[in-house]
Every structure is written in structure tokens, then in C-alpha cells.
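Residue numbers (numbering that gives the first Met the number 0), protein chains in the order written: chain R, 0 to 462; chain Y, 0 to 147; chain D, 0 to 196. All C-beta atoms in this analysis are idealised placements derived from N, C-alpha and C, irrespective of residue type, glycine included. Quick caveat, the model's predicted, so the values are computed rather than measured.
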Amino acid sequence: MTYKSQSVAKLYFIAAIALFAAQILFGLILGLQYVMGDFLFPHIPFNAARMVHTNALIVWLLMAFMGAAYYLVPEESETELFSPLLAILMFWIFLVAAGLTVAGYLLVPYSTLAELTGNDLLPTMGREFLEQPTITKLGIVVVALAFLFNIGMTILKGRKTVINLVLLLGLTGLAVFFLFAFYNPTNVVLDKYFWWWVVHLWVEGVWELILGSILAFVLIKVTGVDREVIEKWLYIIIAMTLITGIIGTGHHYFWIGTPEYWQWWGSIFSAMEPIPFFMMTVFAFNMVNKRRREHPNRAATLWALGTAVMAFLGAGVWGFLHTLSPVNYYTHGSQITAAHGHMAFYGAYVMINLTIISYAMPLLRGRNAANSNKSQIWEMWSFWLMTIAMVFITLFLTGAGILQVYLQRVAENPQPFMVVQDQIALFYWLREIAGLMFFGGLVVYIASFFVGQDEPEATVAQS
Amino acid sequence: MAQAFTKTMARNIFYGGTAFFFLLFLALTFDSMGQLPNRDNRAALEGEFGPKIAMGKILWEENDCIGCHTLLGEGAYFAPELGNVYTRFGNSTDAIKGFIQSRPADGIPGRRSMPQFNFSAEELDALAEFLKYVSEINTAGWPPNTQG
Amino acid sequence: MQEQVIDTSDVLHDRHPPGDLAIWIFILAELSVFAVFFAAYAFTRMNNVELFNEFQQHLDRQSALLNTLTLITSSYFVVRAVAAIKENNHKLCVNWLLAAISMGFLFVVIKSAEYAHHFGEGINLSTNTFYMFYLSLTFFHFMHVIMGMVILGAVAIKAKNGGYSDIEHTGVETGASYWHMVDLVWLILFPLVYVMR
Numbered sequence: 000m001t002y003k004s005q006s007v008a009k010l011y012f013i014a015a016i017a018l019f020a021a022q023i024l025f026g027l028i029l030g031l032q033y034v035m036g037d038f039l040f041p042h043i044p045f046n047a048a049r050m051v052h053t054n055a056l057i058v059w060l061l062m063a064f065m066g067a068a069y070y071l072v073p074e075e076s077e078t079e080l081f082s083p084l085l086a087i088l089m090f091w092i093f094l095v096a097a098g099l100t101v102a103g104y105l106l107v108p109y110s111t112l113a114e115l116t117g118n119d120l121l122p123t124m125g126r127e128f129l130e131q132p133t134i135t136k137l138g139i140v141v142v143a144l145a146f147l148f149n150i151g152m153t154i155l156k157g158r159k160t161v162i163n164l165v166l167l168l169g170l171t172g173l174a175v176f177f178l179f180a181f182y183n184p185t186n187v188v189l190d191k192y193f194w195w196w197v198v199h200l201w202v203e204g205v206w207e208l209i210l211g212s213i214l215a216f217v218l219i220k221v222t223g224v225d226r227e228v229i230e231k232w233l234y235i236i237i238a239m240t241l242i243t244g245i246i247g248t249g250h251h252y253f254w255i256g257t258p259e260y261w262q263w264w265g266s267i268f269s270a271m272e273p274i275p276f277f278m279m280t281v282f283a284f285n286m287v288n289k290r291r292r293e294h295p296n297r298a299a300t301l302w303a304l305g306t307a308v309m310a311f312l313g314a315g316v317w318g319f320l321h322t323l324s325p326v327n328y329y330t331h332g333s334q335i336t337a338a339h340g341h342m343a344f345y346g347a348y349v350m351i352n353l354t355i356i357s358y359a360m361p362l363l364r365g366r367n368a369a370n371s372n373k374s375q376i377w378e379m380w381s382f383w384l385m386t387i388a389m390v391f392i393t394l395f396l397t398g399a400g401i402l403q404v405y406l407q408r409v410a411e412n413p414q415p416f417m418v419v420q421d422q423i424a425l426f427y428w429l430r431e432i433a434g435l436m437f438f439g440g441l442v443v444y445i446a447s448f449f450v451g452q453d454e455p456e457a458t459v460a461q462s
Numbered sequence: 000m001a002q003a004f005t006k007t008m009a010r011n012i013f014y015g016g017t018a019f020f021f022l023l024f025l026a027l028t029f030d031s032m033g034q035l036p037n038r039d040n041r042a043a044l045e046g047e048f049g050p051k052i053a054m055g056k057i058l059w060e061e062n063d064c065i066g067c068h069t070l071l072g073e074g075a076y077f078a079p080e081l082g083n084v085y086t087r088f089g090n091s092t093d094a095i096k097g098f099i100q101s102r103p104a105d106g107i108p109g110r111r112s113m114p115q116f117n118f119s120a121e122e123l124d125a126l127a128e129f130l131k132y133v134s135e136i137n138t139a140g141w142p143p144n145t146q147g
Numbered sequence: 000m001q002e003q004v005i006d007t008s009d010v011l012h013d014r015h016p017p018g019d020l021a022i023w024i025f026i027l028a029e030l031s032v033f034a035v036f037f038a039a040y041a042f043t044r045m046n047n048v049e050l051f052n053e054f055q056q057h058l059d060r061q062s063a064l065l066n067t068l069t070l071i072t073s074s075y076f077v078v079r080a081v082a083a084i085k086e087n088n089h090k091l092c093v094n095w096l097l098a099a100i101s102m103g104f105l106f107v108v109i110k111s112a113e114y115a116h117h118f119g120e121g122i123n124l125s126t127n128t129f130y131m132f133y134l135s136l137t138f139f140h141f142m143h144v145i146m147g148m149v150i151l152g153a154v155a156i157k158a159k160n161g162g163y164s165d166i167e168h169t170g171v172e173t174g175a176s177y178w179h180m181v182d183l184v185w186l187i188l189f190p191l192v193y194v195m196r
């Protein structure tokens, strides 16, 4: 750790992992509810568990992005963070707000939460991923602005690298597009149209800038490849991201009441959205192959390469499978969607955060460059366990989805939703087993932070 | 002359490309907004049932129906699509109200269960009108059939 | 360590393709996208022949022909601009570029007049499938013309400030290549949409 203030990242990373664990716990509950329908009903109905699962995901990813920024920006800018105190304060505000919100989700009926938090003053609750009470959303805006201010001032007083600027652009975009969460008209079509300006323009837009810049940072560190080369590729990748992804938003405008030309525009442009992910994969492997050093943190390198591959598979390939409107007509809102969503989020955003944590945590904890061999081995095991488990989760949900689409939408005598759900139950059981394997991988991952701490760091043999 | 693929070129393509497509997206959005009145059934919102539908949407949100159901294919995949439940239930708001009202508070043993929300008659009305309004939005022929 | 001999042949002679390598990857990408649009148009037309034939008659072919001549002329001016800078005459280069941009501006004016006429008659993207394609294809191209004008403008400014010479003028060739691509796309679009029955 080159700059003292980078240490604030540790708080964010620890909270992120804790929330990740909470997310998976609730994921297991949901998976069980799919096959044992009244599990925990009525105390924790499916929708309550789901909002904990999705909101925990989003909050931990945001926490990890912030930690990543607090870690890499001082190093890139070659100056201390503008205000470590502000970063710590915002951390606790964010964490407490998240905690209270989750408690609200679980302890009282959602309509009661809405009443208690004054939703009627400015109704923003009750939309997917945006279930947070309005006051929580306002809190998120405050935290985000303070965070941007802190990072922005740091970059301003220091070296303005491409990585810094792309990261800042992505994070600013994140904050700006979140504002659309406050627009909630009665007109359902308008509601949906602009809801996607938060969700799509986040995960298929500005979040990719964040992903790209973090990946570039880690690759520079572990491969030693010239910054000029890596930053040039970063620009190309994010250019392709926005060139395809902005109009690609149209693949959410096929069936929600918007004009039908979106079926053409959305299909053509979103079909090209895998391109930047493909480029990222080629880029990551190329950089590692052309490396000028052997870095002792093999785990971080593994996470970096894994991110590129899984993001391409989950976001790129699985996304492509159902992005063309003639296909999507049948698969819209099915388990195909769930399959894609899980692998895409894991591959792109969970993994990039685990990558930066893998790289930075040893340094934040006092190591010179990497953890001990033992820690890294445990960590790399967790990589394989979680990643392979996720592949199986996705495959099982894809199977469920294909059968569901056939029985409910394609067959000559389409069957009702609940009847079809019963028939695809086997896939759900298999998914739950894969989910347990994922959880096992997560346990190994957390353990990797504790094992091998007394052993010497891993080194690379000098040739 | 330089043959190299420079970082500056990449940067210019990024900024130029982003600006270009953002402007194009705004243009298409502007056109879409102009077309919506022909498709989004806002006549219902502006008609006599307007306030009821608005109340129905608030209830829909404050009870997080989207947490189990999909609406026009968006939401959770635990329970059926409700964008077309009005037609699936034979164009009957009574049928919708009856279903919601009849959910057992302790659920149905072993099966996916919907909570009993204890809605008033007025609230049930509002929800049913909301779902009727949604069913009349022009969704380009989606879903493929009444099962949603 | 071996001595490096500096090969000046690249510096003094033309290398193909001219301009920055990046722009050629980018041009390839652009042409691919347009190719997909054209294919989609052709495919859809196959299934809607009567509709397409009928509404094609409503298009202003005279304006489109004028636009074709405008773009071809502008491409010629761009060629002259590249020739000028190869002789280290940056002032002449700027003038040719400005002439090309003016032609581009003329295209924009003519096309805008066409659009104004269509919109005045209440035609838009949702009128029918033919108009959806016609408006989408031409507007997408239209925006590329504007983008091309911006690029040529940037190149002209740099040329005016002496940023290019006979030895180093990659930027001029890059901008020229992009402009030629925009022209090429129109040369396919025009017969495909306006003429072919």
C-alpha cells in the first residue's frame, strides 16, 4: 500500500464480502422456495427474500466499487485521498442505511414499511431492484455525491490517468442514471421506459466503464505491460460498450408498449453488445501472455482472467441467446432471463470486485505483494467452486427456461404458469444443489482470508 | 507516417461514438414519446377510472407485487404474468378481486403461496382497474397466449 | 546489441492502408453495421414488396440524386485536400477541406428539407414498415454525415495551425477515409432505397 489513505478501502471490502454472504444465504432460501413453495411463508414471503437477495447484491457491488476506487485512485493519482474521514463517515452511513433497510424488508410487511418511511410523499418504492424506501434512495444519492466529490478532488490534485478518468466517468454515470429512480409516473409504459435508464444504462453501460478501468488497473499491476497499451485498449473496449449499449437499451423496449421499430433497433445493436466483452477476453489473455513480470499474486491474475471469460459467457453469449426480438417474443420474462441474469452479474460484476479485492487486500493487510501460498490456494479453490457452480446454476436455469418456454408459450396447447412450474421442478432442485456448491465456494473464499496468515508470502522463482 | 493505432485515436472514437449514439438515443426517445399516446392506453388514465387506476398502481407498488409476479414480462418469475390476467380471467375485474381476496393467510401447504393482504373493497377495485388498464396497453402482441 | 537501421521508406512513401489503423478497424465495424441494416431492409422488402414499391414512389428522387452528386463532389474535394497536404501545402489543404464540408452542409440542408416535408405530412418511424426502414437508414446515415463534417472540421483546424506536413499527415488521411466511407454507404443506400424496384 503506497498511500496511507488507501486503507479506507478495507472497510468497504469487508462490508462487501459480508453483504455478499447475506445475498447468497437469501439466494439459497429463494431457491428452496421455488420447490418448497411455502418455505418460511408467511414470515418471509418470496418477495421479501428476493428483495434482500437483489438489494444485498447491488449494495455490496456498490461498496466494492467504492473500495476499489478508494484503493486505486490514490495510487493512480499519486496522491493521498482528499478526505479519508469523509470516506469513513460515508461508509458507516451507507452500511447503517442498508442495514436498516434490510431490517425493514424482513421485519414488517412491505406496505407498512412504505407507510413508515413516508412513501406517499414521493412514491419510489415497489419497483424491481428499486424497492428501497425513498429516504434510503435519497441517502444513496448523498453517499454517492460525497464519494464522487472525494474521488474527484483526489484526481483533480493528482495525476489524471486514463484509468482514473474512465473510472470517474463510469461512477459519475452511475450516480446520474440513479436519479431516474425518482421518476415514477402513473403511466406504466413511461415508468418502464425510464426504469431501464437506471438498470440497462447501469449494467450494460456505465458499470462496464467501471469494470474496464478496474480490470485495466489490475492487469497493469500483475503483468507489468506498458500502460499506454492497456489504456488504449481500455478506450476501445468502452467505446464499443457505449456504441452498442446505448441503442442496445432498445432490447428492453420490445413488448412494453413502446413503438415497434425498437424491435429492429434494439435487436441489431444489442446483438453487438457481446463484442466489447469478447475484446475484454482477448485483451486480458493477451496482456497476461505478454507479461513482463511474474507477479506472486496468482489468485488475482486468475480472477482477472476469469472475469473476462465469465462476463463474456454470461453477459455476452447468454445475453445474445435471447436478445433478438423473434426469440425474445417467446423467452421474455422466463427462466432464460434468470439464467442470463445470474451468470452475467456474477461474471462481470461479482468477479471484477473479487479481482480487485484479491489484488488489494493482501496489500491493505500489510503484505508486500500477495498472500501466502496456502491462502492463495484456498482462494483459487473458491474461484473454481463458485465459478463452476454458477455455470451449473445457469445451465439448469436454461434447461428450466427452455422447457418452460416450450410448454407455456410455444406448444399447441399452452399450459398455465403454475402447472409448468411444477413440471420444471427437477431443474430447480438441481439449481439449488448447485447453489449449495456456490455457497461452499463462498465459505472457502471467506476462509482464505484467515488461513495461511502466519505463513510467508508467496514468491516467484527468479530465473 | 505513423501507422500505429494510437491511444488518442481510441479516445476520440470513444468520445465521438458515445456522443453520437447518445444523441441518436435521445432522438429515438423523443420520437417514442410522441408515439406513446397511440399505444399506452393513457385514455384510461385520463378517463373516469383514472384516479382508481393511479391508486391501483400505488397499491401494486406498496405491496411489491412485482416481487413475485411479472408485469409485461418484467419482474420476478415466481408467480404468473399479470399484464394479461384481466383477459386470462375472462375480462372480469370481479374474478381478479375474488382471487386476491381468497388467498389463505397461512398459505397453501407445500405450494407457492400468495399473502392475504386484507384489502378493502375500494383497494381491490383499484387493483383490478389497474390490471385492466395494463392489459389494454399495446404490447405488440405479447405475450404469445393467455397463459402469459 | 544490434544496431537499429532506421528505415525511412515508410516515412517517404505511401503505406496502405492510409491513415491510422484504428480508423480502418472502425470503418470495418461501421460498414458491417450498415451491411446488417441493408440486409434487414432487403429481407423485409422481400416480404412486403407491394408496400415497399408503393411508398418508394413517394420519395423525392430528385433530391436524393442531388445529394448523391453532392457527396461524390465532396469526396473529390477531400481527395484534393489529401493531395495538397502531400505537397506540404496546408493552406490549400484547408481550403479543399472547407469545400468538402460545404458540400456536406448542402447534403444536410437537402436531406433536412426532405425530412421536413415528410414530417409535415405526418410521416414518422411508426407510419409503416417501409417508412420505418427509410427513415432509420437515412437518418443513421445523416448523422454520420454530420459526424464526418465534425471530423473534417477538426482536421481542417489542425491543418490551419500547421499541424500536418508532407511527412506527417496521418490525421488528414484518417478523416478522408472516414468521409469516403460515408459517401460509399450513401452510394449503396441511394439505389437500394430510392431506386430499386
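For E80(Y), DSSP records a beta bridge to T69(Y).
The residue from M350(R), S357(R), R430(R) and G223(R) with its alpha-carbon nearest to that of F395(R) is R430(R). E127(R) places its beta carbon 8 angstroms or farther from that of I12(Y).
Listed along chain Y are D30, each with a C-beta nearer than 7 angstroms to that of L124(D). The three-state secondary structure of S125(D), taken from DSSP, is coil. At a cut-off of 8 angstroms between beta-carbon atoms, P273(R) makes no contact with chain D. S371(R) has E456(R) as its beta-bridge partners, per DSSP.
G256(R) sits in coil when the DSSP states are folded into three classes, being neither helix nor strand. Look at L23(Y): its C-beta is under 8 angstroms from a C-beta on chain D. In terms of beta-carbon proximity, Y328(R) stays away from the interface with chain D, with every pair separated by 8 angstroms or more.
Within chain D, no residue has its beta carbon less than 7 angstroms from that of P325(R); the closest one is some 12 angstroms off. Under the three-state reduction of DSSP output, G318(R) falls in the helix class. Beyond the five residues adjoining it in sequence on each side, F282(R) comes within less than 6 angstroms, by CB distance, of W232 in the same chain, given in chain order.
Counting along the chain, the unbroken alpha helix (DSSP H) around F98(Y) starts and ends at T92 to Q100.
In the three-state reduction of the DSSP assignment, G36(R) falls in the coil class, being assigned neither a helical nor a strand state. C-alpha of P142(Y) to C-alpha of V409(R): approximately 11 angstroms in a straight line. For F25(D), the C-beta contacts it makes with chain Y under 7 angstroms involve I12, in order along the chain.
One finds W263 and I267 in chain R with Cβ atoms closer than 9 angstroms to the Cβ of F36(D), taken in chain order.
For the C-beta of G15(Y), the chain D residues within less than 9 angstroms are, from N- to C-terminus, M146, V149 and I150.
Fewer than three pairs of CB atoms, one per stretch, sit closer than 8 angstroms, so the region 40 to 55 of chain D makes no contact with the region 102 to 111 of chain D. For Y260(R), the neighbours in chain D by C-beta distance under 8 angstroms run, in chain order, L124, S125, M131 and S135. Taking the beta carbon of I156(D) as reference, no residue of chain Y falls within 9 angstroms; the closest one sits roughly 14 angstroms away.
For Q262(R), same chain residues with a beta-carbon under 7 angstroms away, outside a window of 5 residues either side, are F253 and S324 in chain order.
One alpha carbon belongs to I107(Y), the other to G340(R), and they sit about 30 angstroms apart. By the C-beta density criterion, D93(Y) is exposed, having fewer than 16 other C-beta atoms within 10 angstroms. Beta-carbon to beta-carbon, A388(R) and M436(R) are separated by about 4 angstroms, close enough to satisfy the 8 angstroms threshold. Measuring C-alpha to C-alpha distances from M35(R) to each of Q420(R), V7(R) and P413(R) identifies Q420(R) as the nearest. Taken through DSSP and simplified to helix, strand or coil, G74(Y) comes out as strand. The C-beta of D453(R) comes no closer than 8 angstroms to any C-beta of chain Y.
For the options G151(R), P132(R) and E227(R), the alpha carbon positioned closest to that of R10(Y) is the one of E227(R). A residue is called buried once 16 or more other Cβ atoms fall within 10 Å of its Cβ, and D225(R), having fewer, is exposed. Within the same chain, V58 come within 6 angstroms of A97(R) by CB-CB distance, once the 5 residues on both sides are set aside.
At a beta-carbon threshold of 7 angstroms, the residues of chain Y lying near H331(R) are G72 and W141, ordered along the chain.
Between the alpha carbons of N288(R) and Y358(R) lies a gap of roughly 19 angstroms. Here L123(Y) is buried: its Cβ has 16 or more other Cβ atoms, across all protein chains shown, within 10 Å. Bounds of the alpha helix (DSSP H) holding A82(D) are R60 to K85.
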